[in-house]
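Trainee: Chains as they are written, first to last, in the working numbering: chain B, 757 to 1017; chain A, -19 to 238. Take a look at the following structure, please.
Dropping the structure here:
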């Protein structure tokens, strides 16, 4: 218990910050002041105002699209990573996958500002400061996570199952559809839920690639909190993001425990 | 064959932005063109002489060093307690210790901002350090925990039975055997802290801000290739670290079941 004490002290500070967030989300906002009024639920009612509902809808739609595209783009890479017999290829894929994971959000997002902003090619349709461009950035941002989760799931599958199906006459496509894909379902479910949950609270990507024209929940929190000094309103939005994320991750927990039992 | 082409194309998609950043950073003019219109190191010189980046680099080093120095021992002790301690509700403690990972950055950031304002610490780096410690702690706990699990307690019992004091057993047997986990935890903690952006944006000002926040402000206000040069330096460092980690820590053993 004493060995846990230092870590628990750190957690206590973190919990105090979240507690402060919760407290301010139910305090009345006094415009033009950092003082607050009495207890109120008005901040949560304001979340449902039309201009904010739009941001919530955009966030959910963008997160869903990001999850689908990320899954489709990550599966082949994860499959190659889990199944290659060459240590050199495995290292190459792993380093190329992990490197963006380790370069910070600003570097990665700025790179897309350059690519989407007609530096390399002139795009036939506008990309930068549109939802299309934000989607590309979000997919790129989520791919390393998805690849690693899928590769971990795929490396659990005994290749003998696939060989058995093939030796019984199944075409490669059929082996994939009837054997590999179903066996990798737990990884697909967990990876998709985590990517969806993370994208719901994405901030730097929509902030820089959206250029103020694409607003997701986190951007609204920043606008209200840092630009309008409406901390109670921002806190209510942040609580919404927190609740959505926790609910989704609880689902991930359900999936993984069901698999274990 | 189709699979191989698809994998190559997808890896190219993942790598393309990095290559563009590096190319743009060598442009001789302020125009962002790729491939670069010539070769110049002026934006690298600009990075090194821009006072705000110098100040932010110092802040980054101070905050990361302080956060890692606090998180490494706290996380190591917690990992030992989770694996060895007589704990009730072990899984609950484990979830609690890893929980800062799943809290959205804007929620944690705004929470720390409100807390700092209440405590009158808005102008201090203390809040940045406190937040960074909490954010890197999960990585330390996870990395060290793996090493603790692989540690055979018989080795420590052997040292103790030969007369070593508990402190000596810890220093001469336990710690050296935990080295791979400690090293991985240190690596993750440093990389995560150096790159942390969202939470830091909320709780820093022009005097206390760390590099990613200063870079964000610069990107929003200017369009010359300076950030491309700074990003290239970040990317080069990161590739080196990941390559070394793969060479010496065998990353496929960390991330795949082999």
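Beta carbons: idealized from backbone N, C-alpha and C, even for Gly. Predicted, not measured: the structure shown is a model, and the values here were computed from it.
Quick one: residues in its chain with C-beta nearer than 6 Å to the C-beta of residue 917 of chain B, no 5 flanking neighbours on either side, listed in chain order?
Mentor: Position 161 of the first chain, counted from the first residue, corresponds to residue 917 of chain B. Excluding residues within five positions, the ones whose Cβ falls inside 6 Å are 935.
Trainee: For residue 792 of chain B, report the span of its beta strand (DSSP E) as first-last.
Mentor: Counting from one through the first chain, the residue named residue 792 of chain B turns up at place 36. Run containing residue 792 of chain B: 792 to 795, per the beta strand (DSSP E) assignment.
Trainee: Thinking C-alpha only, which one of A:27, A:183, A:113 and A:55 is nearest residue 96 of chain A?
Mentor: Looking up residue 96 of chain A in the second chain gives position 116. Selected option, being the one with the closest Cα: A:183.
Trainee: In this structure, how does DSSP classify residue 784 of chain B when only helix, strand and coil are distinguished?
Mentor: To locate residue 784 of chain B, count along the first chain from 1; it is residue 28. Strand, per DSSP.
Trainee: So residue 124 of chain A packs on residue 162 of chain A, CB below 8 Å; how close in whole Å?
Mentor: As a position in the second chain, residue 124 of chain A is number 144, starting the count at 1. As a position in the second chain, residue 162 of chain A is number 182, starting the count at 1. The Cβ separation is near 6 Å, so the contact holds.
Trainee: What distance in whole Å lies between the Cβ atoms of residue 102 of chain A and residue 51 of chain A, which are believed to be in contact at a cut-off of 8 Å?
Mentor: Position 71 of the second chain, counted from the first residue, corresponds to residue 51 of chain A. Position 122 of the second chain, counted from the first residue, corresponds to residue 102 of chain A. Wrong, their Cβ atoms sit about 23 Å apart, outside the cutoff.
Trainee: In whole angstroms, give me the CA-to-CA distance for residue 838 of chain B and residue 832 of chain B.
Mentor: Here residue 838 of chain B is taken as the residue at index 82 of the first chain, counted from 1. Here residue 832 of chain B is taken as the residue at index 76 of the first chain, counted from 1. Going by the C-alpha atoms only, they are around 10 Å apart.
Trainee: Residue 795 of chain B to residue 990 of chain B, Cα distance in whole Å?
Mentor: Taking the first chain and counting its residues from 1, one reaches residue 795 of chain B at position 39. Taking the first chain and counting its residues from 1, one reaches residue 990 of chain B at position 234. Approximately 16 Å between the Cα atoms of the pair.
Trainee: Taking the continuous alpha helix (DSSP H) assigned at residue 849 of chain B, which residues delimit it?
Mentor: Numbered from its first residue, the first chain carries residue 849 of chain B at position 93. Residues 843 to 858.
Trainee: By how many angstroms is the C-alpha of residue -14 of chain A removed from the C-alpha of residue 949 of chain B?
Mentor: The sequence position of residue 949 of chain B within the first chain is 193, counting from 1. The sequence position of residue -14 of chain A within the second chain is 6, counting from 1. Spanning the two alpha carbons is a distance of roughly 24 Å.
Trainee: Between the C-alpha atoms of residue 864 of chain B and residue 171 of chain A, what's the straight-line distance to the nearest angstrom?
Mentor: Here residue 864 of chain B corresponds to residue number 108 of the first chain, with the count starting at 1. Here residue 171 of chain A corresponds to residue number 191 of the second chain, with the count starting at 1. If I take the Cα positions, the gap works out to 14 Å.
Trainee: Can you tell which of B:931, B:834 and B:951 has its C-alpha closest to the C-alpha of residue -10 of chain A?
Mentor: Numbered from its first residue, the second chain carries residue -10 of chain A at position 10. Residue -10 of chain A has its Cα closest to that of B:834, out of B:931, B:834 and B:951.
Trainee: Between residue 88 of chain A and residue 199 of chain A, is the Cβ-Cβ spacing less than 9 Å?
Mentor: As a first step, residue 88 of chain A is located in the second chain; it is residue number 108 there, counting from the start. As a first step, residue 199 of chain A is located in the second chain; it is residue number 219 there, counting from the start. Taking C-beta atoms as the reference points, residue 88 of chain A and residue 199 of chain A fail to come closer than 9 Å.
Trainee: Looking at chain B, which residues of the segment 177 to 201 of chain A have a Cβ within less than 9 Å of any of its Cβ atoms?
Mentor: 177, 178, 181, 182, 191, 192, 193, 195, 196, 199 and 200
Trainee: Can you tell me which of A:135, A:144, A:130 and A:78 puts its alpha carbon nearest to the alpha carbon of residue 122 of chain A?
Mentor: Taking the second chain and counting its residues from 1, the one referred to as residue 122 of chain A is at position 142. Measuring from the Cα of residue 122 of chain A, the nearest candidate turns out to be A:78.
Trainee: What does residue 226 of chain A touch in chain B if you count any residue whose Cβ is under 9 Å from its own?
Mentor: Start at 1 with the first residue of the second chain, and residue 226 of chain A comes out as number 246. Neighbours of residue 226 of chain A on chain B, chain order: 847, 850, 851 and 854.
Trainee: Enumerate in chain order the residues of its own chain whose CB-to-CB distance from residue 759 of chain B is below 7 Å, with the five nearest sequence positions on each side excluded.
Mentor: Reading the first chain from its first residue, position 3 is the one you call residue 759 of chain B. Excluding residues within five positions, none has a Cβ falling inside 7 Å.
Trainee: Going along the chain, which residues of the segment 899 to 916 of chain B sit with their C-beta nearer than 7 Å to a C-beta in chain A?
Mentor: 899, 904, 907, 908, 911 and 912
Trainee: Going by beta-carbon coordinates alone, are residue 871 of chain B and residue -3 of chain A separated by less than 9 Å?
Mentor: Walking along the first chain from the start, residue 871 of chain B turns up at place 115. Walking along the second chain from the start, residue -3 of chain A turns up at place 17. Cβ distance < 9 Å, so residue 871 of chain B and residue -3 of chain A count as in contact.
Trainee: Assess contact between the segment 981 to 997 of chain B and the segment 777 to 789 of chain B, defined as three or more Cβ pairs (one per stretch) separated by less than 8 Å. Is contact present?
Mentor: yes
Trainee: Is the beta carbon of residue 128 of chain A within less than 8 Å of some heavy atom of the ligand SAM?
Mentor: You won't find the ligand SAM in this model; it holds no ligand whatsoever.
Trainee: Evaluate contact between the segment 758 to 773 of chain B and the segment 66 to 77 of chain A, counting only Cβ atoms and requiring at least three cross-stretch pairs below 8 Å.
Mentor: yes
Trainee: Output the boundary residues of the alpha helix (DSSP H) element that contains residue 814 of chain B.
Mentor: Locating residue 814 of chain B in the first chain gives position 58, counting from the first residue. Element bounds for residue 814 of chain B: 806 to 839.
Trainee: Please classify residue 900 of chain B as buried or exposed, where buried requires at least 16 neighbouring CB atoms within 10 angstroms.
Mentor: Translated into the one-based positions of the first chain, residue 900 of chain B becomes position 144. Buried, because 16 or more other Cβ atoms sit within 10 Å of the Cβ of residue 900 of chain B.
Trainee: Please identify the residue among A:69, A:144, A:112 and A:120 whose C-alpha is closest to the C-alpha of residue 40 of chain A.
Mentor: As a first step, residue 40 of chain A is located in the second chain; it is residue number 60 there, counting from the start. Answer by Cα proximity: A:112.
Trainee: Kindly indicate which three-state DSSP category residue 175 of chain A falls into: helix, strand or coil?
Mentor: Along the second chain, one-based indexing puts residue 175 of chain A at 195. Three-state DSSP puts residue 175 of chain A in a helix.
Trainee: Chain B beta carbons: is any one of them nearer than 9 Å to that of residue 92 of chain A?
Mentor: Translated into positions along the second chain, residue 92 of chain A becomes position 112. So yes, residue 92 of chain A belongs to the interface.
Trainee: If you draw a straight line from the alpha carbon of residue 879 of chain B to that of residue 16 of chain A, how long is it in whole angstroms?
Mentor: Locating residue 879 of chain B in the first chain gives position 123, where the first residue counts as 1. Locating residue 16 of chain A in the second chain gives position 36, where the first residue counts as 1. Roughly 19 Å separates the two Cα atoms.
Trainee: Can you give me the C-alpha to C-alpha distance between residue 1007 of chain B and residue 159 of chain A, rounded to a whole angstrom?
Mentor: Numbered from 1 along the first chain, position 251 holds the residue referred to as residue 1007 of chain B. Numbered from 1 along the second chain, position 179 holds the residue referred to as residue 159 of chain A. Approximately 35 Å between the Cα atoms of the pair.
Trainee: Can you list the residues of chain A that residue 864 of chain B reaches, using a CB-CB cut of under 8 Å?
Mentor: For the purposes of this step, residue 864 of chain B is taken as the residue at position 108 of the first chain. The contacting residues are -3.
Trainee: Quick check: the Cα distance between residue 54 of chain A and residue 107 of chain A, rounded to an integer number of angstroms?
Mentor: Counting from 1 along the second chain, the entry for residue 54 of chain A is found at position 74. Counting from 1 along the second chain, the entry for residue 107 of chain A is found at position 127. Whole-angstrom Cα-Cα distance: 18 Å.
Trainee: Which two residues bound the contiguous alpha helix (DSSP H) that contains residue 63 of chain A?
Mentor: On the second chain, residue 63 of chain A is found 83 positions in, with the first residue counted as 1. It spans 31 to 64 - the alpha helix (DSSP H) in which residue 63 of chain A sits, taken as one unbroken run.
Trainee: Got a sec: is the Cβ-Cβ distance from residue 1002 of chain B to anything in chain A below 9 Å?
Mentor: To locate residue 1002 of chain B, count along the first chain from 1; it is residue 246. Chain A contact via Cβ: present.
Trainee: If you measure from the beta carbon of residue 84 of chain A to each beta carbon in chain B, is any gap under 9 Å?
Mentor: What you label residue 84 of chain A is simply residue 104 of the second chain in a count that begins at 1. Yes - at least one Cβ of chain B is within 9 Å of the one on residue 84 of chain A.
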